[in-house]
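Colleague: In the order they appear, the protein sequences are chains A and B. Numbers 1 to 364, taken from UniProt numbering, label the letters of the first sequence in order. Numbers 1 to 557, taken from UniProt numbering, label the letters of the second sequence in order. Ideal Cβ positions, reconstructed from N, Cα and C, are used throughout, including at glycine.
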Amino acid sequence: MSHKSNSLKQLALQKFKKNFWGVFSFYYIVLVGLISVFAYVFAPDNSQYANQMHLAIHSKKPGFKVMMLTVPSQLETKQSVFDKLFFGKKNTDTEVPIKEYKVKEKVLAYKEYASDGLEGAEKSININTFPNNLVQDFIKEKTFLFGTDKYGRDLLSRVFVGARISFFIGFVAVFISLIIGVFMGSVAGYFGGKVDAVIMWVINVTWSIPTLLLVIAITLALGKGFWQVFIAVGLTMWVEVARVVRGQIISVKEMQYVTAARALGFNDFRIITKHILPNIMAPVIVISAANFAGAILIESGLSFLGIGAQPPMASWGAMIKDHYNYIILGKPYLAIIPGLCIMSLVMAFMLIGNALRDALDVKN
Amino acid sequence: MSHILKIKNLSISFGENEVIHNISYELNKNEILGIVGESGSGKSVSSLAILGLLPKKISRITSGSINYNDEDLTLFSPKALQTVRGSKIAMIFQEPMSSLNPSMTCGKQVQEILLQHTNLSKKDSKNETISLFEKVKLPSPERVYDAYPHEISGGQKQRVMIAMAIACKPDVLIADEPTTALDVTVQKDIIKLLKTLQVETRMSVIFITHDLSLISEIADRVLVMYKGDIVEQGKTSTIFKTPQHIYTKALINSRPSLETRLKVLPTIQDYLNNTTNNDIITGEERLKRHSKLYNKPALLEIINVEKEYVSKSGWFSKPKTFKAVNNVSFKLYEGETLGLVGESGCGKSTLGNAILQLDKATAGKILYQGVDITKLPNSEIKKLRKDIQIIFQDPYSSLNPRIPVGEAIMEPMKVHKLYNSDKERKEKVIDILNRVGLSEDYFNRYSHEFSGGQRQRIGIARTIALQPKLIVCDESVSALDISVQAQVLNLLNELKEDFGFTYIFISHDLAVVKYMSDQLLVMNNGKIEELDDADVIYNNPKKDYTKKLIHAIPKGL
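#1: Taking Cβ positions, are Thr74(B) and Ser65(B) nearer each other than 8 Å?
#2: In whole angstroms, what separates the C-alpha of Pro395(B) from that of Leu11(A)?
#3: Mind checking who Tyr68(B) pairs with in its DSSP beta bridge?
#4: Which residue wins for smallest C-alpha separation from Ser24(B), given the options Gly228(B), Lys386(B) and Ala552(B)?
#5: Where does Asn524(B) fall in DSSP's three states?
#6: Is any heavy atom of the ligand HEM found at a distance shorter than 7 Å from the C-beta of Ile206(B)?
#7: Among the candidates Ile281(B), Lys318(B), Tyr294(B) and Ser329(B), whose CA atom is the shortest distance from the CA of Glu301(B)?
#8: Rounded to a whole number of angstroms, what is the C-alpha to C-alpha distance between Lys195(B) and Gly347(B)?
#9: With distance defined between alpha-carbon atoms, name the residue in Ala163(B), Lys56(B) and Ser63(B) nearest to Leu197(B).
#10: Just to check my reading of the structure: Ser439(B) and Gln456(B) have Cβ atoms closer than 8 Å, yes? What is that Cβ distance to the nearest angstrom?
#11: Could you check whether Ile390(B) and Leu338(B) sit closer than 8 Å to each other, using their CB atoms as the reference points?
#12: Excluding the five sequence neighbours on either side, which residues of its own chain have a C-beta within less than 7 Å of the C-beta of His21(B), listed in chain order?
#13: Please classify Phe322(B): is it buried, with 16 or more other beta-carbons within 10 angstroms of its beta-carbon, or exposed?
#14: Along the chain, which unbroken stretches of the beta strand (DSSP E) at least 3 residues long are found entirely within the segment 58-87 of chain A?
#15: Return the residues of the segment 397-419 of chain B that lie within a Cβ-Cβ distance of less than 9 Å from chain A, sorted by chain order.
#16: What number of angstroms, rounded off, separates the C-alpha of Ile458(B) from the C-alpha of Leu265(B)?
#17: Between which residues of its own chain and Met200(A) is the CB-CB distance below 7 Å, once the five residues before and five after are set aside?
#18: Against chain B, does Gln256(A) count as a neighbour if the rule is that its beta carbon must be under 8 Å from one of theirs?
#19: Using a Cβ-Cβ distance under 8 Å, would Phe207(B) count as near chain A?
#20: Going by C-alpha distance, which of Lys126(B), Ser121(B) and Gln156(B) is nearest Lys137(B)?
#21: State the DSSP-derived secondary structure class of Lys383(B), mapped to helix, strand or coil.
#22: For the alpha helix (DSSP H) containing Gln10(A), name the first residue and the last one.
#23: Determine the direct distance from the alpha carbon of Pro102(B) to that of Ser344(B), and round the result to whole angstroms.
#24: With which residues is Glu26(B) paired in a DSSP beta bridge?
#25: Within the 8 Å Cβ cut-off, does Ser25(A) reach chain B?
#26: By a C-beta neighbour count over all protein chains shown, 10 Å radius and 16 as the cutoff for buried, is Asp322(A) buried or exposed?
#27: Mind pulling the chain B residues with CB within less than 7 Å of Pro278(A)?
#28: Go ahead and pull the three-state DSSP assignment for Leu264(A).
#29: Quick one: grab the DSSP three-state call for His551(B).
#30: Indicate whether Val233(A) and Glu299(A) have their beta-carbon atoms separated by less than 8 Å.
#31: Quick one: is His551(B) buried, meaning 16 or more other Cβ sit within 10 Å of its Cβ, or exposed?
#32: Closest to Phe93(B) by CA distance: which of Ser59(B), Gly154(B), Ile61(B) and Lys108(B) is it?
#33: In this structure, does DSSP put Cys473(B) in helix, strand or coil?
#34: Taking the CB atoms as reference points, tell me whether His58(A) and Gly152(A) lie closer together than 8 Å.
#35: Is it right to say Pro178(B) is buried, meaning 16 or more other beta carbons lie within 10 angstroms of its own, or is it exposed?
#36: Could you work out which residue in Pro44(A), Leu85(A) and Val284(A) is closest to Phe144(A) when comparing CA atoms only?
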């Protein structure tokens with residue numbers, strides 16, 4: 001067949017490709033997605049939750065450099081490569097920031113790093129602790145690109161690991177909201193009448209409860225933790241999806257191809273899934289993009305309030321919470337960096353939503 | 001100088017696409033000029049250009065001039081055009097339902113124009129409005145003055161629109177399909193009104209329509225437009241009696257005639273290839289066929305069917321009931337075409353839906369092959385769906401835009417488990433596509449890539465894919481252009497002969513229904529007015545309503 005057929009989907013895709021901000025946001029989101037999946041591969045600090053603390057060098061500026069002595073751990077733990085790659089190293093070596101060191105016979109003597117012009121304590125360690133007695137391999141200069149947080153953890157690594165929560169809460173919340181929302185919305189819109197009245201009542205009640213309050217209530221019922229937040233956010237977001245789907249179905253239902261499908265003897269399930277839903281995907285996709293952004297914001301808010309992801313888990317909202325009082329102490333970057341991360345990701349989703357809305361609008 | 005408006009070498013482009021190619025015509029003083037053409041011929045675009053109402057960003061006038069009283073309107077500033085618009089050149093639109101503001105009373109809307117363009121005081125303008133309403137023959141003008149648009153009928157709304165247009169005594173009135181959305185009987189009144197108004201005020205009228213016979217009743221001169229060109233212009237009588245251009249000939253002849261019944265309607269293609277077939281179905285042939293038809297038992301029997309709608313206006317008020325179909329009974333025989341004609345709201349579509357079981361009838365019996373289908377359980381109805389099918393009116397909304405046409409035709413076969421494999425079904429679909437005159441290359445295309453006529457063929461293909469026995473054609477050709485309409489009607493007749501379908505042909509267009517039908521059923525207010533052979537009804541109508549209906553059809557010259 002010589003003729004290349006253009007479905008509406010392909011037309012929309014072509015249009016989307018022409019939108020610079022849409023494509024840019026798409027690649028940005030893909031980048032953040034990759035970072036969040038392979039966080040521990042990219043992160044300089046690949047311990048679980050990027051939780052390697054060095055109290056001596058807490059809250060340092062971005063680009064801070066220090067000599068770091070790594071003391072290998074004596075404990076052996078079994079951890080598969082896969083586990084290490086995706087969830088970080090469980091048992092880690094001790095890291096000590098040092099100012100200077102000397103090797104005398106079988107003993108390594110070093111001076112601990114201390115800031116603000118203080119002198120660090122002098123300590124020594126048996127050289128046998130290091131494999132092959134090669135001390136030089138274990139002393140390196142380490143750079144903290146984003147600086148360190150108030151426990152002396154590498155902020156860059158925590159931002160990477162924190163992206164995972166923000167990203168996945170978006171996915172899970174949108175996924176849950178879509179499943180419930182599309183189902184409830186289709187049933188209400190397609191069947192109408194009493195079914196519609198009941199579902200609309202549930203929707204209105206759910207909507208009248210402030211989102212934050214509902215999330216708090218659900219977290220209280222299901223316990224604290226980030227999985228609970230995923231579910232809770234998803235459970236509050238389905239309402240908007242359901243309303244949009246319902247409204248769209250009510251208007252599409254009047255189209256003759258739906259009547260045609262009924263006259264051709266198709267059952268309700270087939271009509272809804274094959275003939276109605278594909279035609280109302282555009283507004284659902286757009287609202288999903290907005291919900292994605294909304295979920296990230298709600299999670300940040302919850303983490304900021306302390307009912308989201310629990311320490312030591314890294315989350316952008318929790319990072320702001322930990323450091324917002326540093327703003328007046330002249331170290332605003334600790335809170336600003338995760339803040340910018342949240343902002344850029346939310347903005348990317350909003351822009352992609354706008355671009356999709358323009359692209360999916362078949363009329364122009 | 002007798003002409004008031006002179007259009008010279010006008011070309012209009014939408015983006016890169018030229019839609020009007022270098023047209024020239026003039027409008028004389030005190031005449032009605034008809035512009036006729038099919039959708040997309042550029043008839044509306046060229047008249048919108050006169051008023052400077054073309055969408056600004058996407059369209060532009062590439063060359064030519066529009067001279068009104070020797071001033072070039074294309075050079076006017078938007079502000080200067082505004083003073084011309086409404087007061088000197090006025091316009092009436094197609095859709096009276098949406099061109100009136102629903103939150104303002106009709107009187108206020110007309111008064112607003114008077115206040116804007118004249119120096120009348122409030123009180124005078126009110127009196128003027130009421131006299132205008134009298135002029136357009138609105139019943140009880142005082143009541144209409146205070147009525148909101150939803151409180152008056154479609155024909156009355158169009159009268160209010162006309163009152164608005166002539167409020168400032170314009171020199172030129174442009175009427176863009178002013179009667180297309182109205183019933184034939186109302187259309188007749190509006191045409192009469194426009195004609196008397198024209199004689200009274202001596203203004204010039206440009207009357208745009210796709211309906212040739214309608215234009216022959218009103219216009220002094222006619223312009224025929226085709227794909228952005230004027231193919232022919234001249235006196236109405238000359239154009240109709242001795243058309244020169246092939247397109248004009250085709251347009252005049254492809255509309256079914258009320259007197260004779262051609263075997264096959266001529267299409268533009270026929271005129272281009274010079275293969276018009278003038279064979280007529282004679283009365284005897286018809287009689288012979290009918291005696292054969294009516295000897296068999298009835299395929300479908302409708303007995304006292306009623307459909308009642310209940311509307312609740314408030315919590316405590318009594319629910320109001322409205323009978324859309326009231327006590328209708330008739331018989332339908334295998335292989336015949338039953339025409340169902342009536343004005344909008346007479347219940348013809350409701351009856352069609354009741355037969356299809358899309359909307360259940362509230363009372364009465366519908367016997368299909370002797371079985372009452374109103375009482376069937378859902379599982380049996382699914383089997384019935386295979387036998388009774390529908391062809392829809394609107395080719396644009398009756399196809400799912402997300403499904404390629406081949407799949408759309410294949411889907412009902414799958415659902416009803418016809419044929420054994422997808423391969424076999426696909427072959428069958430290609431057969432059917434060829435049968436309705438479409439190439440098999442279209443299998444994987446989407447509906448938005450097709451024209452209206454092609455889409456209607458796809459809709460027909462999907463319907464016949466199930467090999468039904470009875471097909472309800474609900475205004476199936478009303479949305480199509482006349483030349484396309486002839487093709488689709490021919491196709492329906494061919495299919496009927498090949499597959500032995502039985503049709504219920506629903507339409508508001510009596511000429512089309514008469515051409516297609518064996519029996520004709522005239523409906524009014526949910527009741528059967530008359531039921532008999534189509535020719536008998538047309539030649540000797542018994543009821544007043546039928547007489548009025550037949551009388552209102554524009555006859556042409």
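Modeller: Considering the structure as presented:
#1: yes
#2: 21 Å
#3: Leu5(B) and Glu71(B)
#4: Gly228(B)
#5: strand
#6: The ligand HEM is not among the ligands present in this structure, which contains no ligands whatsoever.
#7: Ser329(B)
#8: 32 Å
#9: Ala163(B)
#10: About 16 Å; that fails the 8 Å criterion.
#11: no
#12: Ser11, Gly228 and Asp229
#13: exposed
#14: 64-71
#15: Ser397, Ser398, Leu399, Asn400, Pro401, Arg402, Ile403, Pro404, Ala408, Glu411, Pro412, Val415 and His416
#16: 21 Å
#17: Ala188
#18: yes
#19: no
#20: Gln156(B)
#21: helix
#22: Leu8 to Lys17
#23: 21 Å
#24: Lys6(B)
#25: no
#26: buried
#27: Arg402
#28: coil
#29: helix
#30: yes
#31: exposed
#32: Gly154(B)
#33: strand
#34: yes
#35: buried
#36: Pro44(A)
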